[in-house]
Amino acid sequence: MTEQTVDRPFTSATDPAQAELRARFKGSLHHAVLVFLLFLTFFPFFIAILTSLKSFQQLLVNFWLPAFPLQLQNYVMAWNEIYRSIINSSLVSLGAVTGVLLCASLAAYAFARIDFAWRDAAYYLVLSLLMIPGVLTLIGRYLLIVEFGLMNSLWGLILPYIAGGLAFAVFLLTGFFSDLPEELFEAARMDGGTELQMYRMIALPLSRPIMAIVGLLTFLSTWGDYVWPLLVLRSKDKFTLMLGLAKFTGNSQVMFGPLMAGYVIASIPTAIIIILMMRTFAGAALVGAFK
Amino acid sequence: MSVQTADAGLDSKLWSGRRRVLRRNLTAFLFLLPTFLFLAIFMYQPTLNVIYHTFFRWDGFSVERFVGFKNYITMVNDPNMHIATRNLGWFFLGWMLQRISPFLVAELVFNLKRERSKYWYRTLFVLPMVVPFLVTIMIWKFIYNPLPTIGVLNRMLGSFGLESWQTAWLSEPSLVILALLLVSFPWISGWPFLIFYAGLQQIPNEVLDASVMDGCNVWQRMVRIDIPLVITSIQLVAIQTMIGIIQDFAFVLIMTAGGPAKASLVPGLLLFMAAFRGDQMGYGATIGVTMFIAIFILTLLSFRYTTSPFARTRRTRET
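Residue numbers (the working numbering), protein chains in the order written: chain G, 15 to 305; chain P, 64 to 382.
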């Protein structure tokens, strides 16, 4: 629409048929560029999926196209190799998400809705953590985990993950809670509601979209972490998915089929969660969060 | 007598008021308690502990000897640190361009005529985000595989008859940084694209209509209207990228572990090696604190030297 009207002043001298042709050509060039970029974006993933269905021999002979029979046992092998680490990763991420949402929503409610002494100072104390890079605290956190005897334990991941996600979560949720209309709380206060009741009955139910976003961000960052599990976890039955995949990559010298099958399996949980979120309320809010 | 009762009344009112404040403070304190417990144990304590120990020769456990600024002096003179910093410079440039470049693609999609095609391109471009980043880079490791029959890139060159170009991409000191920068080409999928697109959608329709009325073409509109109006999104992405680039080393650790022969070493990886593979916790802490200071300064600078969108548009109007 816009392009046509933009072009009109410059093309008014030529006959309309030619202008139409030019607009069409421009339009298809536009699409061609985008489709080419899409192709490049998806190419590695196509190759990974293709390779996941081939044996090593099939890969050597027929690299670019699907080879038959499809080697579905690659997926069985990969599953046996990483299912344990998928369970571990799920436990860790769920623990971290629950902890972050619970603590951060309580704190954010206090910052946004209760007028207490040193409120601003306490808030800035939390926000200042956004400036601290994770790599700086890496050594200190490691020593704590050793001291607490949490080495090679999933708690050694969950507890620092909760702490690491809190600052940003408090920041987002405080902003959201402050924007809730004061009348709601005023009415509840008239009826003698305590702060805890107002938090549970008013603030929490109204903040489901933003809670979903905070949960999603926490989930993705903990699910995809590699360095911290590498430091904390020692035995294979405790490995998280990323750690398990990295070890699997190191161990399978020529078993590219099962390896790629492992990569595909590893992408399924995140895919399901993201697509569910996009389809529901959070999708709309997700765009709104980055005004 | 009467005065005294009035006084007592006032006193009790004051007292009840003070009790209310006290109650409120106590409630807030209980609400904040879990958060601050976590932060105190796992954030504040480790941070202070690490900063304190930059002045020590320290292995984290038994050895702990005060050495003053020796760690900082060692770091400034450490040839590994020089290499790592130079490499980081290249990564910084490359990744900054990478993360800003989706703006052009966002413009391409945004300028499509039909809402339906906009929707589909947008969805498809962000779809690969469902694949965890680590999995993506492991797939790219497969693409760069040195074997001429297995590595996707080598195989591709082979089928174009360019066998002489086949190489071990990640083991060639002169190529390794370029190869790492090209990972996940064309770099569209991800947050920057979403943020830029959301930014473009925020531009008021009247502004776009006015630009059409004034007969400005797509290119002029992008430079004169879109970029100034979404500069906050661009700044947001730039700062996030900067912080990420300076500290993240998982990518390099998995792809090359800093190799071949330190050709892709970065400061974060040097910290990791010193602290966890070399028992030099004090030295690792020093690198960490330096990275923190660098991030802090760069963030402040980037806030200082980017004007707000309104100031920018005002200036455009005047000229």
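Just so you know, even glycine gets a beta-carbon here, dropped at the ideal spot from N, CA and C.
When you compare each of the options to residue i by their alpha carbons, which one comes out closest?
| i | options | result |
| --- | --- | --- |
| Lys181/P | Ala357/P, Gln264/P, Leu244/P | Gln264/P |
| Tyr137/G | Phe223/P, Ala91/P, Leu197/P, Ile104/P | Ala91/P |
| Tyr97/G | Pro83/G, Lys250/G, Val246/G, Leu244/G | Lys250/G |
| Leu244/G | Gly170/G, Asn76/G, Tyr89/G | Gly170/G |
| Asn217/P | Arg36/G, Phe39/G, Val106/G, Leu74/G | Leu74/G |
| Leu334/P | Thr151/G, Phe50/G, Ile128/G, Trp78/G | Thr151/G |
| Asp342/P | Phe101/P, Pro165/P, Ile202/P, Glu127/P | Glu127/P |
| Asn150/P | Leu361/P, Ile308/P, Leu96/P | Ile308/P |
| Ser237/P | Lys325/P, Leu220/P, Ser79/P, Ala338/P | Lys325/P |
| Phe124/P | Met354/P, Phe339/P, Phe359/P | Phe339/P |
| Thr55/G | Ser79/P, Pro109/P, Tyr184/P | Tyr184/P |
| Val315/P | Phe355/P, Leu233/P, Tyr346/P | Leu233/P |
| Ser103/G | Gly258/G, Gly264/G, Ser66/G, Ile146/G | Gly258/G |
| Asp239/G | Leu198/G, Ser107/G, Val268/G | Ser107/G |
For residue i, which residues in the same chain have their Cβ closer than 7 Å to its Cβ, ignoring the five residues on either side in sequence?
| i | result |
| --- | --- |
| Leu64/G | Pro80 |
| Lys68/G | Ala81, Gln85, Gly271 |
| Ser224/G | The amino acid at residue 224/G is misidentified as Ser; the sequence shows Ile. These residues qualify, in order along the chain: Leu186, Leu187, Phe190, Ala299. |
| Trp93/G | Ile279 |
| Phe259/P | Pro165, Phe166, Ala169, Val293, Ser296 |
| Phe182/G | Leu144 |
| Phe256/P | Pro165, Val168, Ala169, Phe188, Val189 |
| Ser192/G | Ala126 |
If we define contact as Cβ-Cβ less than 7 Å, is residue i a contact residue for chain G?
| i | result |
| --- | --- |
| Ile302/P | no |
| Gly80/P | no |
| Asn112/P | yes |
| Ile358/P | yes |
| Ser252/P | yes |
| Phe173/P | no |
| Leu243/P | no |
| Phe118/P | no |
| Tyr184/P | yes |
| Gln343/P | no |
| Ile308/P | no |
| Ala169/P | no |
| Pro291/P | no |
| Ala320/P | no |
| Leu364/P | no |
| Phe355/P | yes |
| Val126/P | no |
| Thr212/P | yes |
| Ile202/P | yes |
To which residues of the same chain is residue i closer than 6 Å at the C-beta, ignoring the five residues directly before and after it?
| i | result |
| --- | --- |
| Leu86/G | none |
| Pro174/G | Arg155 |
| His44/G | none |
| Ala124/G | none |
| Met291/G | Leu230 |
Any beta carbon from chain P within less than 7 Å of residue i's own beta carbon?
| i | result |
| --- | --- |
| Tyr175/G | no |
| Ser119/G | no |
| Met291/G | no |
| Ser241/G | Here residue 241/G turns out to be Val, not Ser, going by the sequence shown. Yes, Val241/G lies at the interface with chain P (some Cβ there is under 7 Å from its Cβ). |
| Tyr277/G | yes |
| Pro283/G | no |
| Leu74/G | yes |
Could you spell out the range, first to last residue, of the alpha helix (DSSP H) harbouring residue i?
| i | result |
| --- | --- |
| Glu269/P | 268 to 276 |
| Trp121/P | Premise fails: Trp121/P lies in the beta strand (DSSP E), 119 to 121, not in any alpha helix (DSSP H). |
| Arg177/P | Neither: Arg177/P is in no alpha helix (DSSP H) and is coded neither H nor E. |
| Ser235/G | 222 to 237 |
| Asn134/P | 133 to 140 |
| Gly276/G | 270 to 293 |
| Cys117/G | 87 to 127 |
| Pro58/G | 30 to 66 |
| Pro174/G | 169 to 192 |
Does residue i have its Cβ less than 7 Å from a Cβ in chain B?
| i | result |
| --- | --- |
| Pro209/P | Absence of chain B from the displayed structure is noted, the protein chains being G and P. |
Where do the N-terminal and C-terminal ends of the beta strand (DSSP E) with residue i fall, by residue?
| i | result |
| --- | --- |
| Phe129/P | 127 to 129 |
Taking 8 Å as the limit between beta carbons, can you name the residues of its chain near residue i, skipping five residues before and five after?
| i | result |
| --- | --- |
| Leu49/P | The shown model of chain P, from 64 to 382, leaves out residue 49/P, and the question about it has no answer. |
| Ala301/P | Met159, Arg162, Ile163, Ser365 |
Residues of the segment 192 to 214 of chain G whose Cβ lies closer than 9 Å to any Cβ of chain P, in chain order: Thr208, Glu209, Leu210, Tyr213
Contact list for the segment 84 to 102 of chain P against chain G, Cβ threshold 7 Å: Arg87, Asn88, Thr90, Ala91, Phe94, Leu95, Pro97, Thr98, Phe101, Leu102
Interfacial residues, the segment 250 to 265 of chain G to chain P, with Cβ spacing under 7 Å: Met256, Leu259, Ala260, Thr263
Contact residues within the segment 33 to 54 of chain G, judged by C-beta distance below 8 Å to chain P: Gly41, His44, His45, Val47, Leu48, Leu51, Leu52, Leu54
Contacting positions in the segment 218 to 243 of chain G - beta carbon closer than 7 Å to chain P: Trp237, Gly238, Tyr240, Val241
Residues, ordered as in the chain, of the segment 76 to 93 of chain G that lie near chain P by beta-carbon distance below 9 Å: Phe77, Trp78
Chain P contacts from the segment 94 to 111 of chain G (Cβ-Cβ distance under 9 Å): none
Chain-ordered residues of the segment 142 to 156 of chain G with a beta carbon less than 8 Å from chain P: Leu143, Met145, Ile146, Pro147, Gly148, Val149, Leu150, Thr151, Leu152, Ile153, Gly154, Arg155, Tyr156
Near-chain G residues of the segment 218 to 250 of chain P - C-beta to any C-beta below 7 Å: Arg218, Phe248, Pro249
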